Every structure is written in C-alpha cells, then in structure tokens.
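Working notes for the structure below.
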Ligand code: SF4
Ligand code: SF4
C-alpha cells in the first residue's frame, strides 16, 4: 500500500488533532506527490474524551474531481487503508503506522443506474 | 568548475574584522523574519567562539554526509534554538517609573540564541574569543534538499541559492534533521520549514545581501565563485586564505571564512604587569575542535600576500572549527 502511482491516484481523508474540526482531502500519485484536492466537500469533527479521540469524517459519496477523488457507490466494492502518525514520536511523512493490505469496503444497497 | 548555465554565489567572511555587533542579524530579521510565526528565527547568527553556538551545540546534532553516506541527525529542540523572550518594553518605555530595567516577562529563561556572548575561554591575561557569523551555506551538495521526500527544496541553477518552496513543503522537517549546520527553522503557524534565501530578490536587482551591505566591519564579500576577477575566487581559490566551515560534513558549503589571527600570549613581569610571554606566541588554545587549516600549496603564485596568514597562530588554534 503506497501513495498511489502515476495515473492511479489514491484519495486520502486527513485529520489532525491540533485542528480537530478541519478536514483535509488530498490525492497522491506516488510518494511525495500529495496535493490538496480542489472542491472537496469533506467535513470533520473530533472529540477527546476518556483518553481517546473519536473522529468523524464525512462527505457525499460522489465527491469532487472524479479522476482523483474516490467515487463511492452502494453496491460497488472498493478498498481502503488507514494510516496514523504519532507526532510526539516524531512521526510524519512516510514515518507512520499503516494498515498494510488494502481492506475491502463495500457499501450496502443498490447502485444508481 | 561550474558550467555556463550553472553558477554558484558564495560569501567570504573575514573573522578578523567581525566586531560581534549583530547588525547583520538584525538587518536580516527586519527584512525577512519579522512576521508572526518567525519569532524564534535567526537566519543569520553571530556567536562567540569558543562557545555553544546556536542552536546550542549544533555541531553535535548530526546530519550531512560522512564519506558520501548520509549521517543521521536530529531536529534541534525549541529550547536548543532558544525561544524568543517577551520583554517588559511597555513598563520601561511608557511606565513612568525611573527604576525599571529591561527584562523578560514570565519564567526565568535558561538559554537563548546568544547566551554565552563574549564569555570565550582562557585565563586572564590570556583570555580570548572571536565571533563566528553563520548563515545557510547554500551548499553545492545540500543535505536538506536530498532529505526532502516532497522535493520542496530547490537549488537554483543560475546562482546556486537553496530555497524552500513553501507550497510544496508539508512541514515534515527531514531537512532540519539532515542539515549539519542546523540552519533551517520551522514556522509553527504556517507549518513549513524556512531558511536563509541569500536575499535572492536583492541579488536579482544586483544588490548584495542585507547582512553584507549593513555590516559596519565590512566583514563579508559576496560574489560568484567562478568570477576570476571577483573577491570569492581570489580569497578562496587564488590566495587560499578563506576556508569552509566543517568541510568534513560533506555538503560543500559556499560560505568561506578567513580565520582569525589570535592576539599575542602574555606573561607577567615581577610586578604583575603583562609582558610578552615565553613559549608559543599566541593565545588560542588547541582543544578538541582543532584541525589544521590549509597551510598553503606548492602552486602558490602569491607568496607575499599569503605569508602573514600562513605564519599566523590560527593554523593550529581553536578557531579551527573552521577546518579542512
Ligand atoms: S547549510 Fe543546511 S540548509 Fe543550507 S544548503 Fe546546506 S544543508 Fe541546506
Ligand atoms: S554586522 Fe558585520 S561586524 Fe557586525 S556582527 Fe555581523 S558580520 Fe560581525
């Protein structure tokens, strides 16, 4: 699981604890190429309670630039991964914990025709 | 030798002329780093040597290359940079009281960018120090540039100036680990790395850097390395009196220094008055920083000009932090 490759963009939804209500949607076509996605509708909110963060990231299923933003659809399978940076451990950029393999993601329901 | 479309600007600083006035530091501060988020930035620093420098003990923080292999480094802490203090200016200048003096507000600070100014080393009457001004070296082989996974650091082909492209920078700070001179700062507000830009907007107008133009000691020479009629080529390549700081860091720095000639060592006559001492004529002590600087080469075409420097005490002195 790398940061995409030329012609095969990955779309990332990014949240950080020092700005808990700011959502950042980015796309990348390889290591070191991430760029903010124009026209993103992603929203975020996070709450620190009992020693842990709860975070919600939300956007419409069909989002922004169709070539670079993941277009989600009920009934259509796709893959996702999770990456976490522990900033106090100097983690940033490629230094991160991540989920390894792509995880299957399928939304229930029937796709629009 | 640089090829036609690839040139390198460089600076020579004559340490014998530096009076430690910090005019260069303030000229830079006023011009480039006076905005919010840049309070702790000093793209130009002048530190007393021997001393810890800034950031504190930067020579122990790693980075650069050894034998061509990147050497791990670490990001200086905020405490090592020495955070900007908040002063009681209002009270002193507008408070209407006569007995107040300038001091920092809040907690007592324990370190700052110029904390050990003028302390130096040695015992009276043989105490000694000199000033070492530093900027980014706009290296020919910049470790900062190589360390950036986003290719946010650029080196100009026209003049060799190394800059951070803030639109590409994501604040990862790998450059701060990699720079062995610890000359990159982090803007906490913009969340990007920032550093000396060699006053490139002035350079483009044919004007030297602010630190060089403002210097009352006329310490600094600015020019292209390959300009055979210019001061850099003469001082560095022809007369060989200016040398790089820590060339063993492997980045090929483009700031060069004329090392200081130390004052004569003094003894005491029976009445305790200083007299010329027996033994080595100079004060600067050999310590762990000592390395011999270039003492001349056989192809010397200007022996007369070089002779005084070649004989001078800095050759085996503490100042050889500036080393070969
Ligand atoms: S001194 Fe440091 S910041 Fe400046 S070019 Fe060299 S490695 Fe980069
Ligand atoms: S302005 Fe010149 S003399 Fe003053 S500290 Fe800077 S380099 Fe030294």
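Chains as they are written, first to last, in the working numbering: chain A, 489 to 601; chain B, 21 to 344. We treat Cβ as the ideally placed atom computed from N, Cα and C, and that holds for glycine. Just so we're clear, the structure is a prediction, and the values are computed from it rather than from any experiment.
Name the two residues that bound the continuous alpha helix (DSSP H) containing residue i.
i	result
residue 110 of chain B	109 to 114
residue 165 of chain B	163 to 167
residue 46 of chain B	43 to 52
residue 234 of chain B	230 to 234
residue 222 of chain B	220 to 224
residue 194 of chain B	194 to 198
Indicate whether at least one CB of chain A lies closer than 8 angstroms to the CB of residue i.
i	result
residue 149 of chain B	no
residue 194 of chain B	yes
residue 171 of chain B	yes
Within the continuous beta strand (DSSP E) that includes residue i, where are the two ends?
i	result
residue 591 of chain A	591 to 594
residue 183 of chain B	182 to 184
residue 513 of chain A	512 to 516
residue 501 of chain A	498 to 502
residue 117 of chain B	No beta strand (DSSP E) holds residue 117 of chain B; DSSP gives it neither H nor E.
residue 20 of chain B	Because chain B is modelled from 21 through 344, residue 20 of chain B falls outside the range shown and cannot be assessed.
residue 241 of chain B	240 to 244
residue 536 of chain A	531 to 537
residue 207 of chain B	204 to 207
residue 296 of chain B	294 to 296
Count the other CB atoms, across all protein chains shown, that sit within 10 Å of the CB of residue i; report buried if there are 16 or more and exposed otherwise.
i	result
residue 120 of chain B	exposed
residue 25 of chain B	exposed
residue 295 of chain B	exposed
residue 52 of chain B	buried
residue 567 of chain A	exposed
residue 173 of chain B	buried
residue 527 of chain A	exposed
residue 117 of chain B	exposed
residue 345 of chain B	Past the edges of chain B, shown from 21 to 344, lies residue 345 of chain B, and the structure says nothing about it.
residue 28 of chain B	buried
residue 585 of chain A	exposed
I want to see whether chain B comes within less than 8 angstroms of residue i, judged by CB atoms only; does it?
i	result
residue 518 of chain A	no
residue 556 of chain A	no
residue 580 of chain A	yes
Helix, strand or coil for residue i per DSSP?
i	result
residue 567 of chain A	strand
residue 155 of chain B	coil
residue 215 of chain B	strand
residue 80 of chain B	helix
residue 28 of chain B	coil
residue 487 of chain A	Since the displayed chain A opens at 489 and closes at 601, residue 487 of chain A lies outside it and no answer follows.
residue 274 of chain B	coil
residue 284 of chain B	strand
residue 71 of chain B	coil
residue 99 of chain B	helix
residue 523 of chain A	strand
residue 583 of chain A	coil
residue 175 of chain B	strand
residue 258 of chain B	helix
residue 251 of chain B	helix
residue 126 of chain B	coil
residue 337 of chain B	Because residue 337 of chain B sits at a pLDDT of 34, beneath the cut-off of 50, its placement in the model cannot be relied upon, and the following sentence gives the value as read from the coordinates. DSSP places residue 337 of chain B in coil when its eight states are reduced to three.
residue 576 of chain A	helix
residue 201 of chain B	coil
residue 279 of chain B	coil
residue 267 of chain B	helix
Sorted by chain position, which residues of the same chain lie with C-beta nearer than 6 angstroms to residue i's C-beta, five sequence neighbours on each side aside?
i	result
residue 132 of chain B	102
residue 75 of chain B	96, 100, 101, 202
residue 239 of chain B	33, 34, 37, 38
residue 515 of chain A	497, 499, 525, 556
residue 205 of chain B	61, 214
residue 533 of chain A	509, 544
Apart from the five residues just before and just after residue i, which ones in its own chain have a Cβ nearer than 8 angstroms to its Cβ?
i	result
residue 272 of chain B	159, 160, 161, 264
residue 122 of chain B	107, 108, 109, 112
residue 151 of chain B	35, 38, 39, 40, 66, 67, 68, 69
residue 170 of chain B	188, 189, 190, 192
residue 531 of chain A	511, 545, 546, 547
residue 590 of chain A	489, 567, 568, 569
residue 518 of chain A	490, 491, 492, 493, 494
Closer than 7 angstroms by C-beta to residue i: which residues in its own chain qualify, once you throw out the five before and the five after it? Chain order, please.
i	result
residue 45 of chain B	62, 64, 65, 66
residue 72 of chain B	136
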